[in-house]
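Each remark here refers to the structure printed beneath this line.
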Amino acid sequence: MRILLTNDDGIDARGICILEEVLSESHEVCVVAPCANRSGSSSSISMYSDQKLVKKSEKKFSLDGSPVDCVISALRGGYIPFVPEVVISGINSGANLGTDIIYSGTCGAARQASLYGVPGLALSIDFSYGECSFTGSLSGESEKKDSAYRSLSYYVRDNMRSLLPLCGTKDSRSGSLECFVNVNAPFSDEIRGTRQASVCSRVYGDRVDVSCGCGTLYSSCRGGGKIASLGDACGDGILVENGFVSVSAVYAQPVAKYFSSFSLN
């Protein structure tokens, strides 16, 4: 299979490097990824400006842009050596569960692929659950994380044919696929299995600090500490907390709620 890889952690991040290594064993792989970390960039695109494109090798390019920029550039630019059959975004260092999907550059890239009619998969590992008690050296922790990236890479390689149909059918007018697929794994050597998941609501408890320096006001979002996942037992956040890999099909296009009875005064 011909696979395009991208991410939002940057082209040198361990997640995408290990994913490339594993998938290249049995597939044709090309990488177009941001030159630096672009986490939280959602579906942003760089309009009215040029992005520097650096050719690392025949099948590897870095772009000074967002993850969505990378997908658009690769699928429309004509410089990669094949037409991708799937776009895989990740593996992200951290969860992209429920409400996270709105902000995630990892998910933004997978969504853009599906909007262009190419199945998009977003891959993430929730490092806040699972091996939380790990107290070894920094090198030991890095090895543990590399093992988790490798495990999820093999999971995707072995289940690719089952995951792709979850993107649904292609619209005959727009050419877009119905969904992209969001996969989250816990940080654990003892994964309990895989579950199809709904998306949870996430409560962040955001805190903003406003300060003044040299006559200039600064506003800084600091986050609220531990994130809470709300929802039932089928929610992605709850499943990952309980040791399962969650797989969610997320609509690529905005979907509005239909009101059976509605009037305006």
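When we follow the working numbering, the leftmost residue of the sequence shown carries the number -17, and every step to the right adds one. Glycine included, each C-beta is placed from N, C-alpha and C at the ideal position. All values derive from a computational prediction rather than experimental measurement.
If I measure Cβ to Cβ from residue i and keep anything under 6 Å in the same chain, skipping five residues before and after, which residues do I get?
i, result
"Leu148", "Val163, Ala231"
"Ala77", "Ser106, Asp108, Asn166"
"Phe64", "Arg(-16)"
"Lys291", "Summary: the structure shown does not reach residue 291, with the chain confined to residues -17 through 247, and so no result is reported for it."
"Ile209", "Arg184, Tyr186"
"Lys34", "Asp46"
Return helix, strand or coil for residue i, following the three-state DSSP convention.
i, result
"Val227", "strand"
"Thr88", "helix"
"Tyr137", "helix"
"Gly187", "coil"
"Ala95", "helix"
"Ser155", "With the sequence shown as reference, residue 155 is identified as Arg, and Ser is not the correct amino acid for it. Here Arg155 sits in coil by DSSP."
"Ser115", "With a pLDDT of 41 at Ser115, under the threshold of 50, the modelled position of that residue is not reliable, and the figure given next carries that caveat. It is coil, neither helix nor strand."
"Gly102", "strand"
"Arg250", "The requested residue 250 does not occur in the structure, where the chain is confined to residues -17 to 247."
"Lys127", "helix"
"Glu10", "strand"
"Ser25", "coil"
"Val36", "strand"
"Leu(-13)", "strand"
"Val232", "strand"
"Ser242", "coil"
"Ser144", "helix"
"Ile107", "strand"
Looking only at its own chain, which residues have a Cβ that is under 7 Å from the Cβ of residue i, when we skip the five neighbours before and after it?
i, result
"Phe116", "Its pLDDT being 47, under 50, Phe116 is placed unreliably by the model, and the measurement read from it follows with that caveat. Contacts found: Glu123, Lys126."
"Thr176", "Phe226, Val227, Val229"
"Ser21", "Asp(-10), Asp(-9), Gly87"
"Gln235", "Ser158"
"Ser250", "Limits of the chain in this structure are -17 at one end and 247 at the other, which puts residue 250 out of reach."
"Ser211", "Leu79, Gly80, Cys182, Arg184, Gly217, Gly219, Ile220, Glu223"
Check this for me: beta carbons of residue i and residue j, under 7 Å apart or not?
i, j, result
"Ser96", "Gly90", "no"
"Leu134", "Ile73", "yes"
"Ile(-15)", "Val11", "yes"
"Gly80", "Val181", "yes"
"Gly(-8)", "Ser75", "no"
"Met142", "Glu67", "no"
"Asp(-10)", "Thr88", "yes"
"Leu45", "Tyr98", "no"
"Ser186", "Ser193", "Just to set this straight, residue 186 is Tyr in the shown sequence, not Ser. No. Outside cutoff."
"Cys52", "Val14", "yes"
"Ser23", "Ser48", "yes"
"Cys161", "Tyr233", "yes"
"Cys203", "Asp188", "yes"
Report all residues from its chain with a CB closer than 8 Å to the CB of residue i; omit the five preceding and five following residues, and keep chain order.
i, result
"Leu5", "Ile(-15), Leu(-13), Val11, Ile70, Ser135, Val138, Arg139"
"Ile173", "Ser133, Ala167, Gly225, Phe226, Val227"
"Ile0", "Ile73, Asp128, Tyr131, Arg132, Ser135"
"Asp214", "Ser180, Ile220"
"Ile62", "Leu(-14), Cys12, Val14, Lys41, Phe43, Ala56"
| task | Check whether the segment 40 to 47 touches the segment 79 to 88, taking contact to mean three or more Cβ pairs, one atom from each stretch, closer than 8 Å. | result | Per the Cβ contact rule, the segment 40 to 47 is not in contact with the segment 79 to 88 (fewer than 3 Cβ pairs under 8 Å).
| field | alpha helix (DSSP H) runs wholly inside the segment 42 to 85, at least 4 long, in chain order | value | Counting only runs of 4 or more, we get 49 to 59, 82 to 85.
| said: Suppose only complete runs of 3+ residues qualify. What are the beta strand (DSSP E) ranges in the segment 162 to 221, listed by chain order? | reply: You should have 175 to 178, 183 to 185, 190 to 195, 198 to 203, 210 to 212.
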